[in-house]
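Visitor:
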Amino acid sequence: MKFTASAIAKLLDGHIAVGNKDIEVSSFAKIEEAGVGQITFLANAKYEPYLYSTKASIVIINNSFEPAEQVNATLIKVKDAYTAVAYLLSFYDTQKREQLTGVEEDTIIHKTAQLAPDVYVGGFTYIAKGVIIGEKSKIFPQVYIGENVVIGSNTCIMPGVKIYDNTIIGNHVIIHGGTVIGSDGFGFVPQSDGSYTKIPQIGNVVIEDYVEIGANVCIDRATMGSTIIKKGTKLDNLIQIAHNVEIGENTVIAAQAGISGSTKVGKNVRIAGQVGIVGHLSIADNTTIAAQSGITKSITEVNTTLMGAPASNHYEALRSQAALRQLPDLLKKIREMEKKIESLLIL
Amino acid sequence: MKFTASAIAKLLDGHIAVGNKDIEVSSFAKIEEAGVGQITFLANAKYEPYLYSTKASIVIINNSFEPAEQVNATLIKVKDAYTAVAYLLSFYDTQKREQLTGVEEDTIIHKTAQLAPDVYVGGFTYIAKGVIIGEKSKIFPQVYIGENVVIGSNTCIMPGVKIYDNTIIGNHVIIHGGTVIGSDGFGFVPQSDGSYTKIPQIGNVVIEDYVEIGANVCIDRATMGSTIIKKGTKLDNLIQIAHNVEIGENTVIAAQAGISGSTKVGKNVRIAGQVGIVGHLSIADNTTIAAQSGITKSITEVNTTLMGAPASNHYEALRSQAALRQLPDLLKKIREMEKKIESLLIL
Amino acid sequence: MKFTASAIAKLLDGHIAVGNKDIEVSSFAKIEEAGVGQITFLANAKYEPYLYSTKASIVIINNSFEPAEQVNATLIKVKDAYTAVAYLLSFYDTQKREQLTGVEEDTIIHKTAQLAPDVYVGGFTYIAKGVIIGEKSKIFPQVYIGENVVIGSNTCIMPGVKIYDNTIIGNHVIIHGGTVIGSDGFGFVPQSDGSYTKIPQIGNVVIEDYVEIGANVCIDRATMGSTIIKKGTKLDNLIQIAHNVEIGENTVIAAQAGISGSTKVGKNVRIAGQVGIVGHLSIADNTTIAAQSGITKSITEVNTTLMGAPASNHYEALRSQAALRQLPDLLKKIREMEKKIESLLIL
Numbered sequence: 022m023k024f025t026a027s028a029i030a031k032l033l034d035g036h037i038a039v040g041n042k043d044i045e046v047s048s049f050a051k052i053e054e055a056g057v058g059q060i061t062f063l064a065n066a067k068y069e070p071y072l073y074s075t076k077a078s079i080v081i082i083n084n085s086f087e088p089a090e091q092v093n094a095t096l097i098k099v100k101d102a103y104t105a106v107a108y109l110l111s112f113y114d115t116q117k118r119e120q121l122t123g124v125e126e127d128t129i130i131h132k133t134a135q136l137a138p139d140v141y142v143g144g145f146t147y148i149a150k151g152v153i154i155g156e157k158s159k160i161f162p163q164v165y166i167g168e169n170v171v172i173g174s175n176t177c178i179m180p181g182v183k184i185y186d187n188t189i190i191g192n193h194v195i196i197h198g199g200t201v202i203g204s205d206g207f208g209f210v211p212q213s214d215g216s217y218t219k220i221p222q223i224g225n226v227v228i229e230d231y232v233e234i235g236a237n238v239c240i241d242r243a244t245m246g247s248t249i250i251k252k253g254t255k256l257d258n259l260i261q262i263a264h265n266v267e268i269g270e271n272t273v274i275a276a277q278a279g280i281s282g283s284t285k286v287g288k289n290v291r292i293a294g295q296v297g298i299v300g301h302l303s304i305a306d307n308t309t310i311a312a313q314s315g316i317t318k319s320i321t322e323v324n325t326t327l328m329g330a331p332a333s334n335h336y337e338a339l340r341s342q343a344a345l346r347q348l349p350d351l352l353k354k355i356r357e358m359e360k361k362i363e364s365l366l367i368l
Numbered sequence: 022m023k024f025t026a027s028a029i030a031k032l033l034d035g036h037i038a039v040g041n042k043d044i045e046v047s048s049f050a051k052i053e054e055a056g057v058g059q060i061t062f063l064a065n066a067k068y069e070p071y072l073y074s075t076k077a078s079i080v081i082i083n084n085s086f087e088p089a090e091q092v093n094a095t096l097i098k099v100k101d102a103y104t105a106v107a108y109l110l111s112f113y114d115t116q117k118r119e120q121l122t123g124v125e126e127d128t129i130i131h132k133t134a135q136l137a138p139d140v141y142v143g144g145f146t147y148i149a150k151g152v153i154i155g156e157k158s159k160i161f162p163q164v165y166i167g168e169n170v171v172i173g174s175n176t177c178i179m180p181g182v183k184i185y186d187n188t189i190i191g192n193h194v195i196i197h198g199g200t201v202i203g204s205d206g207f208g209f210v211p212q213s214d215g216s217y218t219k220i221p222q223i224g225n226v227v228i229e230d231y232v233e234i235g236a237n238v239c240i241d242r243a244t245m246g247s248t249i250i251k252k253g254t255k256l257d258n259l260i261q262i263a264h265n266v267e268i269g270e271n272t273v274i275a276a277q278a279g280i281s282g283s284t285k286v287g288k289n290v291r292i293a294g295q296v297g298i299v300g301h302l303s304i305a306d307n308t309t310i311a312a313q314s315g316i317t318k319s320i321t322e323v324n325t326t327l328m329g330a331p332a333s334n335h336y337e338a339l340r341s342q343a344a345l346r347q348l349p350d351l352l353k354k355i356r357e358m359e360k361k362i363e364s365l366l367i368l
Numbered sequence: 022m023k024f025t026a027s028a029i030a031k032l033l034d035g036h037i038a039v040g041n042k043d044i045e046v047s048s049f050a051k052i053e054e055a056g057v058g059q060i061t062f063l064a065n066a067k068y069e070p071y072l073y074s075t076k077a078s079i080v081i082i083n084n085s086f087e088p089a090e091q092v093n094a095t096l097i098k099v100k101d102a103y104t105a106v107a108y109l110l111s112f113y114d115t116q117k118r119e120q121l122t123g124v125e126e127d128t129i130i131h132k133t134a135q136l137a138p139d140v141y142v143g144g145f146t147y148i149a150k151g152v153i154i155g156e157k158s159k160i161f162p163q164v165y166i167g168e169n170v171v172i173g174s175n176t177c178i179m180p181g182v183k184i185y186d187n188t189i190i191g192n193h194v195i196i197h198g199g200t201v202i203g204s205d206g207f208g209f210v211p212q213s214d215g216s217y218t219k220i221p222q223i224g225n226v227v228i229e230d231y232v233e234i235g236a237n238v239c240i241d242r243a244t245m246g247s248t249i250i251k252k253g254t255k256l257d258n259l260i261q262i263a264h265n266v267e268i269g270e271n272t273v274i275a276a277q278a279g280i281s282g283s284t285k286v287g288k289n290v291r292i293a294g295q296v297g298i299v300g301h302l303s304i305a306d307n308t309t310i311a312a313q314s315g316i317t318k319s320i321t322e323v324n325t326t327l328m329g330a331p332a333s334n335h336y337e338a339l340r341s342q343a344a345l346r347q348l349p350d351l352l353k354k355i356r357e358m359e360k361k362i363e364s365l366l367i368l
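What follows is the structure, given as structure tokens:
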């Protein structure tokens, strides 16, 4: 896809301040790396020197910015360069993805599956019986979709995702490569001889609209009922969501965090990387949990920040950390105090 | 699959206390969510109100239970409702899986591979030369099975699992989606110029009977010899098992735990989520390790519980944690004591 | 592949000290497990008793070693048995892999893709448009290679790896099963209603020569520009590398570690398992980070060792840990001191 400066200016509600309105670009790059046929932007004054040396064909700048030297690139002025670029990239991504449509060769699609006519299905993807996929959804190569899975519209399932039977996925969802949705929850009954008997896991996973899930994530099916990821929630890579967990709306969870079985996480919660949360807890709305924390108790008060393993209120945790750093010196001081006391007692 | 109330009552060694012996069900649900054509159960008195409003066609209840109000569902009475349901679900799962048999279209199976006649092989699965697969095993779509892999009977390999050359897998094993078995152990020799030379990893992985492995787990092949997961052991999702590790019988390991190279874990050990164990250790039988613990020394005494990073006996760990919480106040107190001592010294 | 004792002796620059120069072996094993037709080695005196009982056909030993008893195996003497075996295994691995060549049935390769004539492509692998793959590279089954990906020569992509558009991979790289390269970085802008808007991630991933990456690793594409893994760096399994991270040459990272967005890790760094590093930091060359550490500040001094969460210099961390273990006893002692002071004040 190629775009002219004038088409981009129009799209961004901007104007061409300097240069050639017909010049074409086909890709993006950072201002210090951009070359001919590429578009870039300048939003941070720190990078201004690059404006005068860049080989980019087009640079997007703020209306308020006046170049101090000569510029070879075509300049498009907009209200806010950073926001304009984000919009432009999003537009480009969408355009590119929109073009994907139709079923490629070498797919297996069960005759009972119902796919909207414009759905894209990549090669080596396997779609089992009873599956329903809504319009404009894109299923990339090598995806597995088990029996009776329902996928909404405008949803994008990236290469190699594995979705077990009966999973329900909403609209405008993105799931990245290697993620497994609906594998058995980890439930076993210990027997008197030390062995374990499996508890059948016959629930499913429900993923609501506008959820994004990273790569190599695991979301287990419920024992009964559903493991639920609510609307607008974003999960990073390598996250573990155990059976019967519920995660509220617009919660963000960073990479390698793990949430144990039956825990309910509220909405607008922020969970940093490598956090662990034990099972059967409730985490209140708007909670913030610092990286590597271990949550062992329910959080009942909204808007709190937790830290540490086991986690406490982050002011307390910081106080404990600071105190711990003083501890070796404290040991010395106490030995001195002891001597003084002994000398007093001798008197 | 549909089942009548009378067939289910017979299977569970129960009887129909109320309702229609010919009513049919085809799926399960929680009592608060069940609808027509579904079966559910009541084991916990807390849920009794739902019994009188449920739309389920059949409810399984304890022999000892007498409804206080009118019930629309057909009631099957059994000795223990919870156990009966677990048995029923397991039966249902088994029935459903038993039906899977035969080789689907679009598979690659080397001509030297030996598959029992009733083995199921899903589409896009790749089976290399010399592979042997025992009777009633199910290999789901998009699985990779490398050269000379041996898989026993009644084993289930879920979609997208990757099994490298020479792996040996027993009977009644379950391996979930995305798991990688037999990738190279992480072994490199530092060179004088700062670079690393790879140590070839030519061992294999052995997985014994009745082992269950979650999704996106990694089990590395041994440098020489075997990485071994013994009979009845259960691994959750996203676990790392390094080269030459041995894990004893009936051990359970929760999600995101990692065990470093050459460590030997005993039998009936319980390892919680996100635990890390360093290499070349021995962990005694019946050890329990709390979540996020870091194990840096061998555990030689059986039946101990460890906690913390670095881990200690969990009584000590809890004592240290409690003491740490008192530390900031302690610092204040010591400052006061110092003043008092100074005042005494001045006297 | 079979090799005679004399061929192996020649390859290793050794000589046959005892036995039959024509005896053949086809595989390797540990000395305590080796059987007929296998080769093994003795480097550690602890294993000497096995030399006299082994069923191995050939044993490699040091020039300096003289057997104290009769040996049935053919003995090859070399300067250093351990190094010789490592070399031999590497040679064997290379020989075996070299034989893989050609495109298997059931692959999808876009007509614009350019593959060197001797490239191996396994079944069910998908290669999108504009892809370039260099000579002697091996692409195993079920791999996904997105648009415009460039892969160098002698590189090995194991089964089920997913490589997103525009990724650049060098020569002599190994990537293990299930790893995802180039998925979207985790970037969202919070909106006033609590929801999040996705920041398009349009950068790529660059992996330089001689890098090895374990199984089920995630390396996210940059927002703009590139996420870079430099020459000779080795990553273990289940590692998270976020967008815009740069990792220097010859750095080793153990399993389940995670590096947050835009952090720059130096060269010759050693990062142990389950370490977490927050975003936008710099880690100096030659830093060593102990397992499970949490790095919250940039490391500016080279050659330091860090430990703990939050991490500090490992001497300080060990001092704090030791002090923490004394803390419960300290609390008792302070209570006693208080009493003594009170008694003095009363005097």
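Protein sequence lines, in the order shown, are assigned to chains A, B and C.
Residues 22 to 368 in the working numbering are what the first sequence lists, from first letter to last.
Residues 22 to 368 in the working numbering are what the second sequence lists, from first letter to last.
Residues 22 to 368 in the working numbering are what the third sequence lists, from first letter to last.
Glycine included, each C-beta is placed from N, C-alpha and C at the ideal position.
(1) Closest to T95(A) by CA distance: which of A66(A), E45(A) and V296(A) is it?
(2) Return the first residue and the last residue of the alpha helix (DSSP H) that D205(A) is part of.
(3) By the three-class DSSP mapping on this structure, what secondary structure does Q347(B) have?
(4) Can a CB atom of chain B be found closer than 8 Å to the CB of K127(A)?
(5) Let me check understanding here. Comparing Cα to Cα, which of S74(B), P331(B) and I304(B) lies closest to T325(B)?
(6) Heavy atom of the ligand MG less than 7 Å from the Cβ of G224(A), yes or no?
(7) Nearest to P162(C) by CA position, among G181(C), S111(C) and T104(C), is which residue?
(8) Does the CB of I362(A) have a neighbour CB from chain C at under 8 Å?
(9) With DSSP run on the structure shown, which of helix, strand or coil describes K219(C)?
(10) Under 8 Å: do the region 181-193 of chain A and the region 154-170 of chain A share three or more Cβ pairs, one atom per stretch?
(11) Per DSSP, what kind of secondary structure is H36(C) in: helix, strand or coil?
(12) Looking at chain B, is there any beta carbon in it that lies within less than 8 Å of the beta carbon of S303(A)?
(13) For G206(C) and D241(C), which I take to be in contact (beta-carbon distance under 8 Å), what is that distance rounded to the nearest angstrom?
(14) Considering only the beta carbon of each residue, do H193(C) and T176(C) sit closer than 8 Å?
(15) Output the distance between the C-alpha atoms of S74(C) and D101(B), rounded to the nearest integer angstrom.
(16) So, is V323(B) buried or exposed, given that buried needs 16 or more other C-beta atoms within 10 angstroms?
(17) Anything in chain C within Cβ reach of M245(B), meaning under 8 Å, just list it in chain order.
(18) Please give me, in chain order, every unbroken run of the beta strand (DSSP E) with length at least 3 that falls completely inside the region 278-348 of chain C.
(19) Please list, in chain order, the chain B residues whose beta carbon lies closer than 9 Å to that of V99(C).
(20) Based on Cα-Cα distance, which residue from V39(A), I154(A) and T146(A) lies nearest to V140(A)?
(21) Does L348(A) get closer than 8 Å to chain C when you measure Cβ to Cβ?
(22) Starting from P70(B), trace the alpha helix (DSSP H) both ways and give me its first and last residue.
(23) Could you check what DSSP says for D241(A) in three-state terms: helix, strand or coil?
(24) Check each residue of the region 135-166 of chain B: if its Cβ is closer than 8 Å to any Cβ of chain A, include it; give the result in chain order.
(25) Does any residue of chain C bring its CB to less than 8 Å from the CB of N271(A)?
(26) So what's L121(A) in DSSP terms, helix, strand or just coil?
(27) If the cut-off is 8 Å on Cβ atoms, which residues from the region 282-302 of chain B count as contacting chain C, listed in chain order?
(28) Quick one: what does DSSP say K132(A) is sitting in, helix, strand or coil?
(29) With 8 Å as the limit, tell me which residues of the region 176-187 of chain B have their beta carbon closer than that to any beta carbon of chain A; keep them in chain order.
(30) Among all the DSSP beta bridges, which residues are the ones paired with I362(C)?
(31) Under 7 Å between beta-carbons, which chain C residues line up against G315(B)? List them in chain order, please.
(32) For I234(B), I'd like the list of residues in its chain whose CB is within less than 6 Å of its CB, leaving aside the five on either flank, ordered along the chain.
(33) Identify each residue in the region 55-83 of chain C for which the Cβ-Cβ distance to at least one residue of chain A is less than 9 Å, and report them in chain order.
Guide: Based on what the coordinates show:
(1) With distances taken between Cα atoms, T95(A) lies closest to E45(A).
(2) Counting along the chain, D205(A) falls outside any alpha helix (DSSP H), and DSSP gives it neither H nor E.
(3) Here Q347(B) sits in helix by DSSP.
(4) Just to set this straight, residue 127(A) is Asp in the shown sequence, not Lys. Against chain B, the CB of D127(A) has a partner CB under 8 Å away; the residue lies at that interface.
(5) Considering only S74(B), P331(B) and I304(B), the residue with the shortest C-alpha distance to T325(B) is I304(B).
(6) This structure simply doesn't include the ligand MG, nor any ligand for that matter.
(7) Nearest of G181(C), S111(C) and T104(C) to P162(C), Cα basis: G181(C).
(8) At a cut-off of 8 Å between beta carbons, I362(A) contacts chain C.
(9) Correct three-state label for K219(C): strand.
(10) Enough Cβ pairs lie closer than 8 Å, so yes.
(11) DSSP places H36(C) in strand when its eight states are reduced to three.
(12) Taking a beta-carbon distance threshold of 8 Å, S303(A) does not count as an interface residue toward chain B.
(13) So it is a contact: roughly 4 Å between Cβ atoms.
(14) Yes. Within cutoff.
(15) Taking the straight line joining both Cα atoms gives about 58 Å.
(16) Per the 10 Å Cβ criterion, exposed.
(17) Those within 8 Å of M245(B) in chain C are F49, A50 and K51.
(18) Segments of the beta strand (DSSP E) lying fully in the region 278-348 of chain C: 326-328.
(19) Neighbours of V99(C) on chain B: none; closest Cβ ~17 Å, over 9 Å.
(20) Measuring C-alpha to C-alpha distances from V140(A) to each of V39(A), I154(A) and T146(A) identifies I154(A) as the nearest.
(21) By this cut-off, L348(A) is an interface position.
(22) Per DSSP, P70(B) belongs to the alpha helix (DSSP H) from E69 to S74.
(23) It is a strand residue.
(24) Per Cβ criterion, the list reads G143, G144, F145, F161, P162 and Q163.
(25) At least one chain C Cβ lies under 8 Å of N271(A).
(26) When DSSP states are grouped into helix, strand and coil, L121(A) belongs to the coil group.
(27) Along the region 282-302 of chain B, the positions whose C-beta sits under 8 Å from a C-beta of chain C are Q295, G297 and V299, read in chain order.
(28) The answer is coil: DSSP assigns K132(A) none of H, G, I, E or B.
(29) Result list: M179, P180 and G181.
(30) I362(C) is bridged by DSSP to nothing; it lacks a bridge partner.
(31) By Cβ distance, chain C contributes A312 and Q313.
(32) Here the set comprises I196, T200 and L256.
(33) Hits within the stretch: zero.
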